[in-house]
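Student:
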Amino acid sequence: MDATTGPVHYHKLQLWEPGMESEEEEEEEEEEEIAEPLVLSLRRLQNTPRNEVGGLPGVWARLLAGLLLLAVSSSLALRQLHSRDSPRGNLGSVAPPASRHSHRPGVYHHSAIISPAATCSQLGQELLVAGGNVVDAGVGAALCLAVVHPHATGLGATFWGLFYNSSSGNSTALTAGPTQLLAPGLGLPTGLPALHLLHAHFGRLPWPHLLTKPAMLAEKGFEVDAPLANALAIQGTKGLCPLFCHTNGTPLGLGARATNPNLAAVLRSAALASSPDLAGKALLNPLVRDLGLELPSAQPVPSLEPALQLLLPRGVLFTTPGPSAGPELVELLESTLHSRTPSSAPCPPFLQTAETPVSSALATVDSNGSMLLLISSINSSFGSGHLSPSTGVLLSNLEASPAPSAWACPLILRDNLDDTEADMLGLVASGISRGAKAMTCTLLNHLATPQMPQQPQHQRPTESPGICGQGALLQAVVHAEHAHVSSIPGGCCPFQGY
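Heads up: the sequence shown runs through residues 1 to 498, numbered per full-length UniProt numbering.
1) In three-state DSSP terms, what is Ala-288?
2) Is DSSP giving Gly-187 helix, strand or coil here?
3) Within 10 angstroms of the Cβ of Asp-419, are there 16 or more other Cβ atoms? Answer buried if so, exposed if not.
4) Measuring alpha carbon to alpha carbon, tell me which of Val-393, Leu-195, Leu-211 ends up nearest Pro-276.
5) What is the DSSP secondary structure of Arg-414, reduced to helix, strand or coil?
6) Cα separation between Glu-334 and Cys-493?
7) Using CA coordinates, which residue listed in Val-358, Trp-407, Phe-163, Leu-329 is at the minimum distance from Ala-231?
8) Would you identify the three-state DSSP class for Pro-208, choosing helix, strand or coil?
9) Under 8 Å by Cβ, that's how I've got Ala-472 and Cys-409 pegged, so tell me the actual separation to the nearest angstrom.
10) Please list the terminal residues of the continuous alpha helix (DSSP H) segment that includes Thr-119.
11) Kindly indicate the opening and closing residues of the alpha helix (DSSP H) around Asn-262.
12) On the three-state DSSP scale, how would you describe Thr-336?
13) On the three-state DSSP scale, how would you describe residue 499?
14) For a test of the three-state rule: what should DSSP assign to Asn-170, helix, strand or coil?
15) Does the stretch 146-162 come close enough to the stretch 372-386 that 3 or more CB-CB pairs lie under 8 Å?
16) Kindly list the residues whose CB is nearer than 7 Å to the CB of Val-135, restricted to its own chain and excluding five residues on each side of it in sequence; keep chain order.
17) Does the distance from the CB of Gly-140 to the CB of Pro-214 come in under 9 Å?
18) Just reading off the beta strand (DSSP E) that His-484 is part of, what are its end residues?
19) Would you tell me roughly how many angstroms separate the C-alpha atoms of Tyr-108 and Leu-413, rounded to the nearest one?
20) Let me know if Leu-143 comes out buried or exposed under the rule of 16 or more other beta-carbons within 10 Å of its beta-carbon.
21) Look at the alpha carbon of Gly-131 and the alpha carbon of Ser-167, and state the distance between them as a whole number of angstroms.
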């Protein structure tokens, strides 16, 4: 729980300006107009009265035109050869293709990702550019967050997800399964089997590809960012040394380098798993040895289920089923819509309290309308505080209140079911005590004011001027064949795309 976080108002969806796409189209037209005079000038060189057969000036003009055309064609050929030879498989060398025109921050032609950590948003972009889809990017970023944000998530966390497939028009929920104790107060970890299951059904890239960079970060080290440094300063070092401590026992600060080689070994072992069950055992087997326990005979199994649906005046809403807060969200929306007309009145501030679960959220989206929202939690800062020596994993704290899934309610709204190019809106929040109420108020204001003149706060894609963590609301939008991502508070969470 971040003690410095203040009240957050969830009533403004600062996503795009309606005039944005028209301005970009004007830029494209200007580029075409620049290219046209070049072609015309070459024609004039050939058609001028001085360029008649037998005239010396005409010969030089034709020669000049020929040389100019040869230079242009050679340049295009070299560029084509370079693009064919450039690698796409190595995440470290993949760069997004150049766009013909620029967009405002958070708006992309193809796909985008927003998460609490710049490193993980960057990883998600690399997976997208390498040919992955939104599930590949989201799962890879979630594994990255398990390494760099152990205060909020990890392989010991509970995961919930909501995926919309634009090709089929179906929405699927990732559910965590019943909570089970591994030991008193310690939750049985289900993160690896949940993410493997989601990827096996909807991912495109090979499973080992997604774990390569998270394992490398754990092995070679990563910089402590502002959310982790802030959590360490509040929590102290009890149970967290030596991974997150200096040699003198003080907690690592902003910019310090942390490593977790045992976690890297777990990730590499999980990369070889051919099923969700085997992926889970890559962590569970060494974990039970650490605790001196027997392997549980029955283990909770994450599952993929049809998402809850609610027909609205402007389309259909999707959210996660119970025991998440999705059913509460649907009930609140139904009762509110039946009792009054949605208004654009500001939502009240939602405060983070001592009982607020510590969680982590991310969103990925592409311009075709596919979208993945993921949220995970170890229930309190650094979970149980029990660091497994042989795995480098912190287990979920089941002694804290409320239950780890009682607040999770990611939602996706699809406008106009009859329109194949309908706008899409995705919302996922982390670290708010009344998640369903906050999401209900935000969505009602969106329904009341569908045209939003505000634009996202300007922010460099890989920088995070604020702390993206508890109390943040992430937004993913598909509009005018572009992918949009943003956050409330504005500009607090780093994003990437292409």
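Beta carbons: idealized from backbone N, C-alpha and C, even for Gly. Please read all numbers here as calculations on a predicted model, not as lab measurements.
Tutor: A quick look at the data gives this:
1) First, the residue type needs correcting, since residue 288 is Val and not Ala in the sequence shown. Helix.
2) If DSSP states are grouped into helix, strand and coil, Gly-187 belongs with the strands.
3) Result: exposed.
4) Among Val-393, Leu-195, Leu-211, the Cα nearest to that of Pro-276 is on Leu-195.
5) Strand.
6) Cα-Cα distance, rounded: 31 Å.
7) The shortest C-alpha separation from Ala-231 is found at Val-358.
8) DSSP places Pro-208 within a helical segment (H, G or I) once states are collapsed to three.
9) About 15 Å separates the CB atoms of Ala-472 and Cys-409; that is not less than 8 Å, and the two are not in contact.
10) For Thr-119, the uninterrupted alpha helix (DSSP H) run begins and ends at 118-129, by DSSP.
11) Note, Asn-262: alpha helix (DSSP H), 261-271.
12) It is helical.
13) Here the chain covers residues 1 to 498 and nothing more, so residue 499 does not appear.
14) In this structure, Asn-170 counts as strand in the three-state DSSP scheme.
15) The stretch 372-386 is in contact with the stretch 146-162.
16) Non-local beta-carbon contacts of Val-135 in its own chain, meaning distances under 7 Å to residues more than five positions away in sequence, involve Phe-163, Leu-198, His-199, Phe-202, Gly-203, Leu-372 in chain order.
17) Taking 9 Å as the cut-off, the Cβ atoms of Gly-140 and Pro-214 count as close.
18) 482-488 is the span of the beta strand (DSSP E), which, as asked, contains His-484.
19) So the two alpha carbons sit approximately 20 Å from each other.
20) Leu-143 comes out buried.
21) Straight-line Cα distance between these residues: approximately 17 Å.
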